[in-house]
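**Q**
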Amino acid sequence: MERVGDFLQEAKSRALQGLVMLLGGLVYAGMLLWTGVHNYNLLTQGVPDGMLLWAVIGVIALELNAVALPLALHNWTFAAAHRLAALLFYALDLALLFLNVALDYGLVVGTGIAYNWLTLYRQFMVPATPIYAGLVWGVLWMLDPEARRKTTVEELRASTQEVLARRLAEAAKSADVEQMVQDAARRLVQDVVGQSLGRYLALPAEHRPGKAMPFPVAGDANAKEEGRVWPVPQGEMVEVANNDNNHHPQFTTNGQDYTGLDVEGDA
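Using this note's numbering, you'd call the opening residue of the sequence shown number 8 and step up by one each time.
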């Protein structure tokens, strides 16, 4: 059972915690102001007067990096690789701020540069520190687990499409696909011939829909063995007369006239 004293103790702890956080924030803000002054001195020395505004933006970016990285560690970078990268970048950022302050202070008070390597640092690293700040966030965004998940999904999709394209190319070489192409070509030829003759030509029985009559196709001696001649329904040859009373042979079956067409057997 909780007592009144427990609630009072908990409220006191929360109040002290809030005070500590406030004081810590003030200390951190003071550190940023101090380093900002020295960074401004260093980063604006080699900048023309007309470009000072852009130099100030670079200084602000460098100082904001020291604020954003701790917040990222508390609220964003929870995956192992992501968090380790944020910790390393934060440590490096504090080291750069320390070196900039020490270097600028020595130049201001007139003690000069104590070590030769600081000369190289001042010449090459100091002007590029805002670039480093941008690089930090570019790397952290790439290491974000959500971004990595999306990248993995897109890589899987691209790999699947590549495999599918190879399978389609292999399937196009199969006999079944070749037969489909031949059937389509045969239908196209039949349509063209039918349009040229001005009459409908029925498809063969194995390819025609409904109850269309089979159409006999002429072929050479090997046509039957190669499957290019289809059987014609049983019928008979009869003598019929035209309007001029001229007789001519006509092949009929169930009322369908096949006169003048070569059929399977003797042409």
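Beta carbons: idealized from backbone N, C-alpha and C, even for Gly.
What number of angstroms, rounded off, separates the C-alpha of residue 111 from the C-alpha of residue 139?
**A** 19 angstroms
**Q** Taking the C-alpha atoms as reference points, what is the distance between residue 244 and residue 171?
**A** Low per-residue confidence applies at residue 244: pLDDT is 45, beneath 50, and the placement is therefore not dependable, though the value from the model is reported in the following sentence. Looking at the two C-alpha atoms, the distance is approximately 56 angstroms.
**Q** Output yes or no for whether 8 angstroms exceeds the beta carbon distance between residue 108 and residue 42.
**A** yes
**Q** Going along the chain, which residues of its own chain have a beta-carbon closer than 6 angstroms to the beta-carbon of residue 62, five neighbours each way excluded?
**A** 50, 51, 54
**Q** Evaluate contact between the segment 64–80 and the segment 29–43, counting only Cβ atoms and requiring at least three cross-stretch pairs below 8 angstroms.
**A** yes
**Q** Quick one: give me the first and last residue of the alpha helix (DSSP H) that residue 187 is part of.
**A** 182–204
**Q** From this set, 197, 174, 46, which residue's C-alpha is nearest residue 105's C-alpha?
**A** 46
**Q** Residue 76 and residue 93 look like a contact to me (Cβ under 8 angstroms); what is the Cβ gap, rounded to whole Å?
**A** 6 angstroms
**Q** Under 8 angstroms between the Cβ atoms of residue 136 and residue 103?
**A** yes
**Q** Looking at C-alpha atoms only, which residue of 155, 116, 151 is the closest neighbour of residue 82?
**A** 151
**Q** Run through the segment 19–91 for me and flag every whole alpha helix (DSSP H) of 4 or more residues, listed as ranges in chain order.
**A** Listed in chain order, the complete alpha helix (DSSP H) runs (minimum 4 residues) inside the segment 19–91 are 59–82.
**Q** With a CB to CB cut of under 7 angstroms and the five nearest residues on each side skipped, what residues in its chain are close to residue 178?
**A** 184
**Q** Span of the alpha helix (DSSP H) holding residue 174?
**A** 152–178
**Q** Using a 10 Å radius around the Cβ and a threshold of 16 neighbouring Cβ atoms, would you call residue 159 buried or exposed?
**A** It counts as exposed.
**Q** What whole-angstrom Cβ distance do residue 73 and residue 101 have, given they're in contact under 8 angstroms?
**A** 7 angstroms
**Q** Can the beta-carbon of residue 192 be found less than 8 angstroms from the beta-carbon of residue 147?
**A** no
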